[in-house]
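Below you'll find the structure, written out as structure tokens, and then a few comments.
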Amino acid sequence: MAGRRIRRPEPKRRAGGAGCLLQFLVAAVCAVALGYLFGNYLFSSHYGTGSITTPESSRSPAVQKPAPSVGDPNKGEAQNGTDAPQGSVGQAGSITLPDLAVFQVQVGAFGQAANADRLVQQLRSQGYAAEKVAAGNLTQVRVGAFFGRPKADEVRAAFTTEEVKPVVITKELKGKKVSYGLEEEEYYKLLPTVVGSLAEALLNAEEGAVAAAQGEVNELLAAVQQLTGPQAAKEELIAQLTGIGAELKAAAGAAGEQQGRAVSRAAAAFAQWYDNL
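Residue numbering for the sequence shown follows the numbering used here, starting at 17 and increasing by one per position.
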């Protein structure tokens with residue numbers, strides 16, 4: 017027993033050492049593979065297949081103006097920077113008619129309008145142009161319309177008596193600005209010429225050139241009849257020129273006071289038309 021060696025027991029080796037190492041390597045490979053696959057999945061889901069968003073295209077998209085609806089072409093023009101001016105559709109321009117004046121002779125003023133009516137009728141029956149004009153509590157009676165003061169003074173003198181003291185009154189015919197459309201342009205561009213020529217012709221007629229004035233009115237009438245434009249205004253002007261021409265024709269066939277009264281009727285018709293434009 018004494019010479020017998022006692023052997024210490026060796027520690028037992030773990031039988032699973034190599035297996036654990038293999039398991040560790042497999043787990044590491046799986047982790048790398050899963051990480052790669054998961055990374056690809058996130059990349060694809062965020063950017064989409066085959067399209068990488070650049071910094072330029074990642075900005076907020078510009079707000080686009082809606083396309084103009086059918087039947088509203090003005091909106092399309094506005095988007096192209098060609099807005100039509102407001103309020104100018106169909107408008108061509110405007111004219112300014114001048115201020116004019118005629119002379120009248122006031123031959124009476126009445127508190128009762130009936131008395132003024134009777135005098136107006138009496139004067140018209142004698143060939144005068146006569147009208148009533150309200151003036152406060154009175155009604156005035158005025159004779160004629162004259163472009164020249166000398167003819168008005170002649171009529172005032174003819175009516176002057178000890179009981180009647182007529183006075184010459186200036187009647188203002190205010191000018192005005194008239195706007196017109198494209199389809200009225202031809203008419204309104206000629207209108208100032210018609211007004212000026214007609215006033216001059218009537219003044220010449222007062223001074224004795226009745227035949228020349230009649231010819232001028234006939235030429236104006238022919239020119240207006242050829243115009244295109246506002247039918248109602250054109251017809252009214254044609255009627256006025258026809259009436260004035262008729263009065264001048266009567267004046268050309270008369271003499272003395274009757275000639276002057278006919279010319280005055282023509283001037284009165286013109287003044288009334290112009291004042292009502």
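All C-beta atoms, glycine included, are put in the ideal place defined by N, C-alpha and C. This structure is a prediction, so every number in the text was calculated from the model and none was measured.
Can you name the residues that DSSP bridges to residue 147?
-> Position 131 of the sequence shown, counted from the start, is the residue given in the question as residue 147. DSSP, once it has assigned bridges, lists 158 as partnering residue 147.
Going by C-alpha distance, which of 182, 207, 172 and 122 is nearest residue 195?
-> Counting from 1 along the sequence shown, the entry for residue 195 is found at position 179. Taking residue 195 as reference, the option from 182, 207, 172 and 122 with the minimal CA-CA separation is 207.
Proximity to residue 262 [Cα-Cα], best of 213, 244 and 283 = If you number the sequence shown from 1, residue 262 lands on position 246. It is 283.
When DSSP builds the beta bridges, which residues end up paired with residue 112?
-> Within the sequence shown, numbered from 1, the residue matching residue 112 stands at position 96. Its beta-bridge partners are 193.
Start and end of the alpha helix (DSSP H) containing residue 224?
-> Locating residue 224 in the sequence shown gives position 208, where the first residue counts as 1. Where residue 224 is concerned, there is no enclosing alpha helix (DSSP H), given that its DSSP letter is neither H nor E.
Go ahead and pull the three-state DSSP assignment for residue 125.
-> Taking the sequence shown and counting its residues from 1, the one referred to as residue 125 is at position 109. Under the three-state reduction of DSSP output, residue 125 falls in the strand class.
Sort 266, 231 and 155 by Cα distance to residue 128 and report the nearest one.
-> Counted from its first residue, the sequence shown places residue 128 at position 112. Measuring from the Cα of residue 128, the nearest candidate turns out to be 155.
Helix, strand or coil for residue 180 per DSSP?
-> Taking the first residue of the sequence shown as position 1, residue 180 is located at position 164. If DSSP states are grouped into helix, strand and coil, residue 180 belongs with coil.
Counted within 10 angstroms of its Cβ, other Cβ atoms place residue 241 as buried (16 or more) or exposed | For the purposes of this step, residue 241 is identified with residue 225 of the sequence shown, where counting begins at 1. By the neighbour-count rule (16 or more Cβ atoms within 10 Å), residue 241 is not buried but exposed.
Measuring alpha carbon to alpha carbon, tell me which of 258, 115, 280 and 293 ends up nearest residue 159.
-> Taking the first residue of the sequence shown as position 1, residue 159 is located at position 143. Of 258, 115, 280 and 293, the residue nearest in Cα terms is 280.
Applying the criterion that 16 or more other CB atoms from any shown protein chain within 10 Å of the CB defines a buried residue, is residue 117 buried or exposed?
-> As a working mapping, residue 117 is identified with position 101 in the sequence shown. When all chains shown are included, residue 117 counts as exposed.
Inter-residue CB distance, residue 256 and residue 285 (contact presumed, cutoff 8 Å) = For the purposes of this step, residue 256 is identified with residue 240 of the sequence shown, where counting begins at 1. For the purposes of this step, residue 285 is identified with residue 269 of the sequence shown, where counting begins at 1. Yes, residue 256 and residue 285 are in contact; Cβ-Cβ is about 6 Å, under 8 Å.
Hey, is the segment 141-153 in contact with the segment 203-223, meaning 3+ C-beta pairs nearer than 8 Å?
-> no
How would you write the range of the alpha helix (DSSP H) that residue 175 sits in, first residue to last?
-> Residue 175 sits at position 159 when you count from the first residue of the sequence shown. Where residue 175 is concerned, the enclosing alpha helix (DSSP H) stretches over 165-175.
Proximity test, Cβ basis, 8 Å: residue 133 and chain B = You won't find chain B in this structure, because it holds only one protein chain.
Delimiting residues of the alpha helix (DSSP H) encompassing residue 258 | Sequence index remark: in the sequence shown, residue 258 carries index 242 (1-based). Note, residue 258: alpha helix (DSSP H), 247-268.
Tell me whether the beta-carbon of residue 278 lies closer than 8 Å to the beta-carbon of residue 267.
-> By 1-based counting over the sequence shown, the position of residue 278 is 262. By 1-based counting over the sequence shown, the position of residue 267 is 251. Closer than 8 Å, so yes.
C-alpha gap between residue 274 and residue 222, whole angstroms = For the purposes of this step, residue 274 is taken as residue 258 along the sequence shown, with counting starting at 1. For the purposes of this step, residue 222 is taken as residue 206 along the sequence shown, with counting starting at 1. Looking at the two C-alpha atoms, the distance is approximately 12 Å.
Contact between the segment 126-145 and the segment 178-191: three or more CB pairs below 8 Å?
-> no
Taking the DSSP output, what are the residues bridged to residue 238?
-> Here residue 238 refers to the residue found at position 222 of the sequence shown. Under the DSSP definition of a beta bridge, residue 238 lacks any partner.
Near residue 140, which residues of its chain fall below 8 Å by C-beta distance, leaving aside the five closest residues on each side in sequence?
-> Numbered from 1 along the sequence shown, position 124 holds the residue referred to as residue 140. Taken in chain order, the residues that qualify are 146.
Segment limits, alpha helix (DSSP H) that includes residue 152 | For the purposes of this step, residue 152 is identified with residue 136 of the sequence shown, where counting begins at 1. Run containing residue 152: none; DSSP gives neither H nor E here.
Look at the alpha carbon of residue 177 and the alpha carbon of residue 123, and state the distance between them as a whole number of angstroms.
-> Start at 1 with the first residue of the sequence shown, and residue 177 comes out as number 161. Start at 1 with the first residue of the sequence shown, and residue 123 comes out as number 107. Each residue's Cα considered, the two are about 11 Å apart.
In the structure shown, what three-state DSSP assignment does residue 244 receive?
-> Taking the sequence shown and counting its residues from 1, one reaches residue 244 at position 228. Looking at residue 244 - three-state DSSP - the assignment turns out to be coil, as it is neither helix nor strand.
7 Å CB neighbourhood of residue 259 in its chain, flanking five on each side removed = Locating residue 259 in the sequence shown gives position 243, counting from the first residue. The answer, listed in chain order, is 285.
Could you tell me the boundaries of the alpha helix (DSSP H) in which residue 288 lies?
-> One-based indexing of the sequence shown puts residue 288 at position 272. Segment 272-291, the alpha helix (DSSP H) holding residue 288.
Excluding the 5 residues preceding and the 5 following residue 172 in the sequence, name in chain order all residues of the same chain whose CB lies nearer than 8 Å to its CB.
-> On the sequence shown, position 156 is the one that residue 172 refers to. If we look at residue 172 and ignore the five residues flanking it on each side, its Cβ neighbours are 121, 182, 183 and 184.
Helix, strand or coil at residue 142 according to DSSP, with G and I counted as helix | Within the sequence shown, residue 142 is the residue found at index 126, counting from 1. In the structure shown, the three-state DSSP call for residue 142 is coil.
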